[in-house]
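> Have a look at the structure that comes next, please.
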Amino acid sequence: MRESKKARAERVDAILARLDAEYGTEYRCYLDHETPWQLLIAVILSAQCTDARVNIVTKELFKKYRSLEDFAAAELSELEQDIHSTGFYHMKAKNIISCCKDLVEKHGGTVPRELSELTALAGVGRKTANVIRGNVYDDPSIVVDTHVKRISKKLGLTKADDPEKVEYELMEVLPKDHWILWNIHIITLGRTICTARNPKCSQCFLRELCPSAGGMKG
DNA sequence: CTCCCGATAT
DNA sequence: ATATCAGGAG
Numbered sequence: 041m042r043e044s045k046k047a048r049a050e051r052v053d054a055i056l057a058r059l060d061a062e063y064g065t066e067y068r069c070y071l072d073h074e075t076p077w078q079l080l081i082a083v084i085l086s087a088q089c090t091d092a093r094v095n096i097v098t099k100e101l102f103k104k105y106r107s108l109e110d111f112a113a114a115e116l117s118e119l120e121q122d123i124h125s126t127g128f129y130h131m132k133a134k135n136i137i138s139c140c141k142d143l144v145e146k147h148g149g150t151v152p153r154e155l156s157e158l159t160a161l162a163g164v165g166r167k168t169a170n171v172i173r174g175n176v177y178d179d180p181s182i183v184v185d186t187h188v189k190r191i192s193k194k195l196g197l198t199k200a201d202d203p204e205k206v207e208y209e210l211m212e213v214l215p216k217d218h219w220i221l222w223n224i225h226i227i228t229l230g231r232t233i234c235t236a237r238n239p240k241c242s243q244c245f246l247r248e249l250c251p252s253a254g255g256m257k258g
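Residue numbering for the first sequence follows our numbering, beginning at 41 and increasing consecutively.
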């Protein structure tokens, strides 16, 4: 049985209402930062690493490197040690130095707003670029990370496996005013209830709206 | 497609 | 021991 378009739209509205009621409608960022370029570096470091670990590392990192110029001039081996515990440290360090050099030399020390300009930076892919666009510039954008992909699929809002396809399918389903918030709400849900291992469906406030929780009939 | 890679929970 | 974590590059 395939869910009708109207039924799905109503279910999405109900899901969004419950997420808003549970988590609020104010955007919060899990990565500590004071400036856009600090957020960019934090997101680069967050690849396959918990945000809690990134925050431990950036707390000291941003004391040591106080500007984009400091990062651009960093010694590779030294920066590798500074970010070691986030994993993938060799590539991340190389990318951060290259990225910050570009920001200083080609973007006047600012973080660009366009998706194409962001993804042209070393270490910045579609997901990282969309975090910047949403959080820094309030441009409606859907961030597809591991949680968003997993939970959007479980909720039956996409069947795609490619993150970019997930992003486009979610754009069809979600109202634009919830694009930015979707990511942060789903991450919050994914860290506490709808975890990758042992999801607590019985405790989930979306269980009656979720095909994977067995809460939907027919 | 493979590789990058440490920390943590289970 | 193994799965997973605010992915991206070659």
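All C-beta atoms, glycine included, are put in the ideal place defined by N, C-alpha and C.
With a cut-off of 8 Å, do at least 3 Cβ pairs link the segment 111-126 to the segment 196-209?
Touching, no, given that fewer than three Cβ pairs across the two stretches are closer than 8 Å.
> With distances taken between CB atoms, is the gap from Leu161 to Asp142 smaller than 8 Å?
Taking 8 Å as the Cβ cut-off, Leu161 and Asp142 qualify as a contacting pair.
> Below 7 Å CB to CB, which residues in the same chain sit around Leu155 once its five sequence neighbours on both sides are set aside?
Excluding residues within five positions, the ones whose Cβ falls inside 7 Å are Ala169, Arg173.
> What number of angstroms, rounded off, separates the C-alpha of Leu249 from the C-alpha of Leu56?
So the alpha carbons of these two residues sit roughly 11 Å apart.
> Check each candidate in Arg166, Val151, Lys240, Phe245 and name the one with the smallest Cα separation from Val206.
Checked all of Arg166, Val151, Lys240, Phe245; the closest Cα to Val206 is Arg166.
> Out of Phe102, Thr159, His187, state which residue places its alpha-carbon closest to the alpha-carbon of Glu74.
Nearest of Phe102, Thr159, His187 to Glu74, Cα basis: Phe102.
> Please report the straight-line C-alpha distance between Ile220 and Leu210, rounded to a whole angstrom.
For Ile220 and Leu210, the distance between alpha carbons rounds to 11 Å.
> For the alpha helix (DSSP H) containing Thr235, name the first residue and the last one.
From DSSP, Thr235 is part of no alpha helix (DSSP H); its letter is neither H nor E.
> Alpha carbon to alpha carbon, how far is Arg190 from Gly149?
So the two alpha carbons sit approximately 36 Å from each other.
> Measuring only the C-alpha atoms, how far is Val97 from Ser125?
Roughly 8 Å separates the two Cα atoms.
> Could you tell me if Ala133 is buried or exposed, where buried requires 16 or more neighbouring beta carbons within 10 angstroms of its beta carbon?
Classification of Ala133: buried, given that the 10 Å Cβ count is 16 or more.
> Once the 5 residues before and after Thr228 are set aside, which same chain residues still bring their CB inside 7 Å of it?
Counting only Cβ-Cβ distances below 7 Å, and skipping sequence neighbours, we find Tyr63.
> Taking only three categories from DSSP, how would you classify Cys250?
Coil.
> Enumerate in chain order the residues of its own chain whose CB-to-CB distance from Thr65 is below 7 Å, with the five nearest sequence positions on each side excluded.
Leu221.
> For Tyr105, count neighbouring C-beta atoms within 10 Å of its own C-beta (all shown protein chains included) and say buried if the count is 16 or more, exposed if not.
When all chains shown are included, Tyr105 counts as buried.
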